Amino acid sequence: MADFALPVQYLRLIADLLAGMRMDVPAWLRRHGLDEVWLAQADGALPYPAFHALLSDAHASTGEPALGLLVGERLRINTHGMLGYAALNSSTLRQALVLFERFVPVRTTLVTVRHAVVADTVQVQIEPARPLDGLEQLVIEAVMLTVKNLIDHITLGACAVRQVCFDGPAPAHAALASSMFRCEVRYGAGWHGLVLPLADIDRPLSTADPASFEEAARICQRELDRRDAEASMSNRVRRLLLDKPTGFPSLVVTARLFNMTPRTLHRRLQDEGTTFARLLDEVRHRLAVQHMKAGQLTLQDIAFHLGYTDPANFRRAFKRWEGVAPSAYQAAQTAERTGM
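This is how it looks when you write it as structure tokens:
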């Protein structure tokens, strides 16, 4: 499970939203041992239990099922710090997407962002990076609308998002979602994310400033390096494996990359309640599901990409992960994508 990070700046924006909805913000903060002085002055990031408690309370107290959308609408490009500044100065949308993939953890580790070319489109896939304990719809709606608005902003509307896709069924506020996304919204898609025209992602952006982009990206990298240095050993290993979606390094190689012995790495992971084999299994599971949902690779190709020399071993592992054979899962995903 990824180490959690969420800048307190986002909580201030949520508090402003709640105040506008006539919620008693001071009482909300007091219920969690906080106050307005702390909120105004705090720096750094919230721990996950505090974030979850505050957001769950806000959701229940307002009774607003579309709270995630209302939060996402407020998160404009200048609220995302140096990551937003780098995105604004990107030369192309493709460069911005690669930036998001790499540096989203600088702003939050609630989700991961990846993009994949599918026929004449690009899928921007947004997945929870950890169990969200009842807040998945709220968080995903907020992140999806934020990303949609970022894309609209940096392209000045020149790249029309074709479709916004949600894994689950349509909520009661589906009509509101359609009006806020200003494009087709599809529910029951089997994945969370946005669909963009492939032809648009390499067009030069009028706001591009290569020098400013490079400087902002360097600052993002330094912040990411700092977070990695402070992260748990299991999260550092997980991140390394996710950055190498083919040809996973062995325990010995991974230890070498972290400048420690295999015995030390094994002990550090055991101290955190996990093992290298368990982390590798978790990463393979996540990537297998992502490949299935993208629908671009055969089962044999997926098995190869995940390091299985024998497809039978992949089939057994997948059935253990999802409770169904990979062929059945793939067929279900194909049916969802095609509407058949």
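Position one of the sequence shown corresponds to residue 5 (this note's numbering), numbered consecutively onward. Ideal Cβ positions, reconstructed from N, Cα and C, are used throughout, including at glycine. Only a predicted model underlies this, so the values are computations on that prediction, with no experimental measurement involved.
In DSSP terms, what residue i is bridged to
| i | result |
| --- | --- |
| LEU310 | Paired residue(s): none; LEU310 is not in a bridge. |
| PRO132 | VAL115 |
| VAL126 | VAL121, LEU200 |
| VAL151 | VAL151 pairs with nothing; no bridge assigned. |
Which of helix, strand or coil DSSP assigns to residue i
| i | result |
| --- | --- |
| ARG231 | helix |
| VAL328 | coil |
| GLN300 | coil |
| LEU46 | Inspection of the sequence shows that residue 46 is occupied by Ala rather than by Leu. Three-state result, ALA46: coil. |
| PRO253 | coil |
| ALA339 | helix |
| PRO30 | helix |
| ALA6 | Caution is warranted here: a pLDDT of 46 is assigned to ALA6, below 50, making its placement in the model unreliable, and the coordinate value is therefore given only provisionally. It is coil, neither helix nor strand. |
| VAL165 | coil |
| PRO175 | coil |
| PRO11 | strand |
| SER60 | helix |
| GLY24 | helix |
| THR268 | helix |
| PHE55 | helix |
| THR279 | coil |
| ASP247 | coil |
| LEU139 | coil |
| HIS84 | coil |
| SER65 | helix |
| ARG78 | helix |
| ALA70 | coil |
| ASN263 | coil |
| THR96 | coil |
| PHE170 | coil |
| ASP39 | coil |
| LEU160 | coil |
Neighbour-count burial assignment, residue i, 16 or more Cβ in a 10 Å radius
| i | result |
| --- | --- |
| ARG183 | Checking the sequence, you will find Ser at residue 183 rather than Arg. With fewer than 16 other Cβ atoms within 10 Å, it is exposed. |
| ARG238 | It should be noted that the sequence gives Ser, not Arg, for residue 238. Result: buried. |
| TRP42 | exposed |
| LYS248 | exposed |
| VAL328 | exposed |
| GLY76 | buried |
| PRO11 | buried |
| ASN153 | buried |
| GLY194 | buried |
| ARG230 | exposed |
| ALA6 | Low local confidence applies: a pLDDT of 46 at ALA6 is under 50, so the model's placement there is unreliable, with the coordinate-based value given in what follows. Per the 10 Å Cβ criterion, buried. |
| VAL256 | exposed |
| ARG222 | exposed |
| ARG226 | exposed |
| ALA336 | exposed |
| GLY24 | exposed |
| VAL121 | exposed |
| ARG243 | buried |
| GLY72 | buried |
| GLN127 | buried |
| GLN304 | exposed |
| LEU160 | exposed |
| ALA339 | exposed |
| ARG26 | exposed |
| GLN45 | exposed |
*Is the number of C-beta pairs between the segment 281-292 and the segment 308-320 that are closer than 8 Å three or more?*
Touching, yes.
*asked:* Using 8 Å as the cut-off, can you tell me whether the segment 87-107 makes contact with the segment 204-214, which would need three or more C-beta pairs spanning the two stretches below that distance?
replied: The segment 87-107 and the segment 204-214 touch, with no fewer than 3 CB-CB distances between them shorter than 8 Å.
*Counting Cβ pairs closer than 8 Å, one from the segment 130-145 and one from the segment 27-35, do we hit at least three?*
By the Cβ rule, the segment 130-145 does not count as touching the segment 27-35, because fewer than three pairs are nearer than 8 Å.
_Sufficient close CB pairs (3 or more, under 8 Å) joining the segment 143-162 to the segment 35-46_ = Cβ pair count under 8 Å is below three, so no.
_Whole beta strand (DSSP E) elements within the segment 180-240, 3-residue minimum_ = Fully enclosed beta strand (DSSP E) runs of 3 or longer: 188-190, 197-201.
*asked:* Assess contact between the segment 171-183 and the segment 198-205, defined as three or more Cβ pairs (one per stretch) separated by less than 8 Å. Is contact present?
replied: The segment 171-183 is not in contact with the segment 198-205.
*Inter-stretch contact at 8 Å, needing at least 3 Cβ pairs: the segment 262-273 / the segment 224-242*: Three or more beta-carbon pairs drawn from the segment 262-273 and the segment 224-242 are found closer than 8 Å, and the two stretches are therefore classed as touching.
*Are the segment 276-283 and the segment 320-335 touching by the rule of at least three beta carbon pairs closer than 8 Å?*
Contact fails between the segment 276-283 and the segment 320-335, because fewer than three Cβ pairs, one in each stretch, are under 8 Å apart.
*asked:* With three or more C-beta pairs closer than 8 Å as the rule, is the segment 69-89 touching the segment 102-119?
replied: Segments in contact, yes.
_the segment 162-173 contacting the segment 185-202, beta-carbon criterion three pairs below 8 Å_ = Contact check between the segment 162-173 and the segment 185-202: three or more CB pairs, one atom from each, fall below 8 Å, which counts as touching.
*With a cut-off of 8 Å, do at least 3 Cβ pairs link the segment 49-58 to the segment 185-196?*
Segments in contact, no.
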